[in-house]
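Peer 1: Got a structure for you, written out below as structure tokens; questions coming shortly.
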Amino acid sequence: MSDDAHEEPSCSIERSLQVLGERWTLLIIREVYCGKHRFAEIQASLGIAPNLLSTRLKTLVGAGVLRKRTYQAPGSRQRDSYHLTPAGEELQVVLAALQQWGDRHRPRPSGPSALRRQRSTGRSVHVGFIADDDAREVVASDVDLLA
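By my numbering, the letter at position 71 of the sequence shown is numbered 68, and the numbering carries on one by one without gaps.
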């Protein structure tokens, strides 16, 4: 086998999917973002098999998306809770984009399952491209991906 087979992919999307591309991963991150930090809370909320959750949490901790904190409930052994790192918190935009896409292209008859609002004003927010120079939104059709 050549050394090229062991190199990381040059595409950052592919490298990101090596960590985030499994079905349960973004759902786990969503649960942690929503305040579920303990293994049992995440497992019960998602209905994910414990072995799968354990594997996904190890991957996310190893990739620097989550960090562990030890806690101990009275009369119990020490356990780990899981918390977003700054890299994990940046995924809020990815989750919002997926939710926005699903609300638009795979809507439920009863409407969105959640709304996103700006804390300070209560105004609705959406995900989009922003031009750094003037902070105006750029429509997706006017954005090129250059290799």
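Note that beta-carbon positions come from the ideal geometry of N, C-alpha and C, so glycine has one too.
Where does S121 fall in DSSP's three states?
Peer 2: It is a strand residue.
Peer 1: Evaluate contact between the segment 16 to 36 and the segment 53 to 61, counting only Cβ atoms and requiring at least three cross-stretch pairs below 8 Å.
Peer 2: With the cut-off at 8 Å, the segment 16 to 36 and the segment 53 to 61 touch.
Peer 1: Could you tell me how far apart the beta carbons of L80 and V29 are, in whole angstroms, since I believe they sit closer than 8 Å?
Peer 2: Leu is not the amino acid found at residue 80; the sequence shown has His there. With a Cβ gap of about 7 Å, H80 and V29 count as contacting.
Peer 1: Work out the CA separation of T82 and Q96 for me, nearest whole Å.
Peer 2: Roughly 21 Å separates the two Cα atoms.
Peer 1: At what residue ranges does the segment -1 to 44 contain a whole run of the alpha helix (DSSP H), taking only runs of 4 or more?
Peer 2: Taking only runs of at least 4 residues, the alpha helix (DSSP H) segments lying wholly in the segment -1 to 44 are 9 to 17, 22 to 30 and 36 to 43.
Peer 1: Keeping to the same chain, check which residues put their C-beta closer than 7 Å to that of P47; ignore five residues upstream and five downstream.
Peer 2: So the qualifying residues of the chain are Q40.
Peer 1: Helix, strand or coil for L50? Go by DSSP, reduced to three states.
Peer 2: Three-state DSSP puts L50 in a helix.
Peer 1: Whose C-beta lies closer than 6 Å to the C-beta of Q115 among residues of the same chain, with five residues either side of it excluded?
Peer 2: The residues are V122.
Peer 1: What separation, rounded to the nearest whole angstrom, lies between the Cα atoms of M(-2) and I26?
Peer 2: For M(-2), the pLDDT reaches just 46, beneath the cut-off of 50, and the residue's location in the model is therefore unreliable, leaving the point undetermined.
Peer 1: If you drop the 5 nearest sequence neighbours on each side, which residues of the same chain put their C-beta closer than 6 Å to that of R64?
Peer 2: Excluding residues within five positions, the ones whose Cβ falls inside 6 Å are H80 and T82.
Peer 1: Does DSSP put R101 in a helix, a strand or coil?
Peer 2: Residue state, collapsed to three classes: helix.
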